Amino acid sequence: MAQPDCREENSYSLSSGIITNLHSYFGNSHLVNNLISQIPAVSIREELSSEFFTLENSSAQDSGGLDESRGSLNQLEDGGSPIDISSAIRAVALKSTWNLGKMHSIPKLFSVPSLGEANSTLSVLDEEGKSSEGVVDSDDEEVLSISFQSKYIHIFPLYQDYCLQAVRDDLHRLNKSYVSELITPQYLRGLQPHLIAQCNFPQLDPPEATPSSPPPHPIRVTPCTLWQDLDEVKTSGLLKSLTIREIRLQESMFELIGSEASYLRSLGVAVNHFHASKALKQTLSQMEHHILFSNIRRVMAASEKFLMDLEMRLGESVLISQLGDIVLKHCPEFHTLYVPYVTNMMYQEALINQLLQQNRDFLSLLKKLESDPVCQRQSLKSFLVLPFQRITRVKLLLENILKLTEPDSDSASYLEKAIEAIHEIVAECDRGVQKMKQIEELVCLEMLLDFGKVKSVPLVVSGRFMVHQGPMRQLTVVGTYNSKTSFISIYLHLFNDLLIISLKKDQQFIVVDHAEFPTHVRIEHLKTEILGLPPDSFLLHLSHSQTGHPTAMILLTYTRSDKEAWMKVLSSKQ
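Here you go:
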């Protein structure tokens, strides 16, 4: 919906007796006088809004917006130091590296360095060693690879192809004739983009064609090795003595092993081919290189240790006893590594898209790397999204094993605990992503707010998040005698603990009032027909606004649904 200018008056024709009706309705003239008293302030704010410039100009002035806003995140769960988002973002905004340009073209990636430079949970900058400036120093990187040679890693495809095979198997299980048509080779190549899209990850945009993406081609998906196809199993004679259910149980446990080998193989490409490329690294800043790859080397090292334990269990006996205990053992490390990695994926995705558009050297090197046979025509993006795909897939694999495991057994108990632990990791990843979205939203908005002569408040504080926002109209009264009424356009930002009322001018918000929510905010239904007001009007009370005095205003939403939404959120107790 196009937003009206703050000077615009509403065309709704008000009855000539509305002032009288207001006096009669409220029993005194306090509200009406309050409305009249707001007119000078509104005029001042309109003048201010016409003089408010873009980010470059405002950053050079002491307007009171960002300079007075010193809200910071308190210590996060990992005990990181507080972050002064306001000052950090101002510094970042002035860096040509990010090329912010005009206010209306601020890229979504702008908040990455400020958050990353200050806290390891947000961008894991301390995962692989720091230089004296707090940026990853490649010379001091720890060698994380362990001495382990997987017995099965080379007999399984890349994890991207394994996922395609898993999708095909799932389609087979549906046992629908029309579905079988979808798994023919010509349709399989269309499944790959959906593997990333199906992750239901809020920060990652659906994959789209990029200059670095390899040309479309048929993807050959070969059946992965089965437990019963292993030479050890064939020579043991177990297949003759086991029931179908027992064989299925062994196959489901071996799939966990085989898929981890496939996953580790793809991680090896991501780390040893892309991350370790000195030529690619030379096209990036140290910060960009770290944001792009995050802590993927440590994720690979954790996968190596996990696969080693899984293969050792299989080496103890070709008839696998259980695997839930091994998964449970590795869950603490998975939690430590996967939560920050997945949390950073929104910035990882944004950065790679920015680099593909603005960094020709990076684009050229990436095309060359992706064309190497080791990638099997897979893109860098498909390798970077693997950790999130894997942690969600492990939960499904464990659930399949549990379905075939004897209830009330030790194996079932370990599996249930492991599933719960993996689920918590995925949930924590989601919470981390949502927290980053909320922080970024606050940071972006703080750059757009101009408090002017209104007492400023820090916007970016720990625990604050946006609840609702949108345009509205406010009833104003002009003149003392022969008073006339009209509506001016305003904008409301409602947070879980704060309400900000402003005038929107271009891309800026000129703040006219704010109040603590819900403590000092109350709404009241109006008898609009009696008062001669539009039906979507309501009364907003601020018992203690920025002026220090109670105030009230009649507001009008643009639609009935808008009114219902605002009445609901303003009535709630956050």
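Our numbering numbers the first residue of the sequence shown as 26 and each following residue consecutively.
Where is the CB? At the ideal position from N, CA and C, for every residue including glycine.
Only a predicted model underlies this, so the values are computations on that prediction, with no experimental measurement involved.
query: Other residues of its chain near M325: CB distance less than 6 Å, five sequence neighbours each side excluded; result: L292 and V296
query: Spatial neighbours of V399 in its chain, beta-carbon cut-off 7 Å, leaving aside the 5 residues before and after; result: V294 and H298
query: Nearest to L405 (by Cα), restricted to the options F387, L189, I447 and T417; result: F387
query: CA-to-CA distance, A375 to I535, given in whole angstroms; result: 30 Å
query: Closest by C-alpha distance to D334, when choosing among G283, V367, E554 and I525; result: G283
query: Whole-angstrom C-beta distance between I450 and L423, which should lie under 8 Å; result: Their Cβ separation, rounded to whole angstroms, is 12 Å, which puts L423 and I450 out of contact at 8 Å.
query: Anticipated Cβ contact below 8 Å, Q499 with M578, distance rounded; result: 5 Å
query: As assigned by DSSP and simplified to three states, the class of M491; result: strand
query: Cα-Cα separation, L523 to V410; result: 36 Å
query: CB of V537 within 8 Å of CB of L551, strictly; result: no
query: Sheet register partners of L500 (DSSP bridge); result: F512
query: N-terminal and C-terminal residue of the alpha helix (DSSP H) that E257 is part of; result: D256 to S261
query: CB contact flag (L429, R273, <8 Å); result: yes
query: Proximity below 8 Å, CB of L251 to CB of E285; result: no
query: Bridge partners - D475, DSSP secondary structure assignment; result: I535
query: Limits of the alpha helix (DSSP H) - the one that K306 falls within; result: K303 to Q307
query: For T576: DSSP bridge partner residues; result: L567
query: Close-in-space but distant-in-sequence residues of the same chain around Y288 (CB under 7 Å, 5 per side omitted); result: Y184, S328, L411 and R415
query: I525 classed as buried or exposed, judged by whether at least 16 other C-beta atoms fall within 10 angstroms; result: buried
query: Q571 to L565 span [Cα, whole Å]; result: 15 Å
query: Close beta carbons around K354, own chain, < 8 Å, minus the five adjacent residues each side; result: D334
query: Inter-residue spacing [alpha-carbon to alpha-carbon] between I3 and H574; result: Nothing about residue 3 can be read from this structure; the chain reaches only from 26 to 599.
query: Which of helix, strand or coil DSSP assigns to L519; result: strand
query: Cβ shell of L380 (< 6 Å), same chain only, five flanking positions each side left out; result: F387
query: Sub-8 Å separation of H300 and R322 beta-carbons; result: yes
query: Collapsed DSSP secondary structure at H179 in the structure displayed; result: helix
query: The segment 311 to 319 contacting the segment 459 to 469, beta-carbon criterion three pairs below 8 Å; result: no
query: DSSP three-state assignment for V546, whether helix, strand or coil; result: strand
query: Between the CA atoms of Q307 and L595 - distance to the nearest angstrom; result: 52 Å
query: Assigned secondary structure, L581 (DSSP; H/G/I helix, E/B strand, else coil); result: strand
query: Collapsed DSSP secondary structure at D151 in the structure displayed; result: At D151, the pLDDT of 38 sits below 50, so the modelled position is not reliable; the number obtained from the coordinates is stated separately. Coil.
query: Environment of G488 [buried if 16+ CB atoms lie within 10 Å]; result: exposed
query: Buried versus exposed, by CB contacts within 10 Å (16 or more), S396; result: exposed
query: Within 8 Å, strictly: CB atoms of T510 and C454; result: no
query: Own chain residues within Cβ distance below 8 Å of P29, not counting five before or after; result: With a pLDDT of 42 at P29, under the threshold of 50, the modelled position of that residue is not reliable, and the figure given next carries that caveat. Cβ neighbours of P29 beyond the five flanking positions: P496 and S514.
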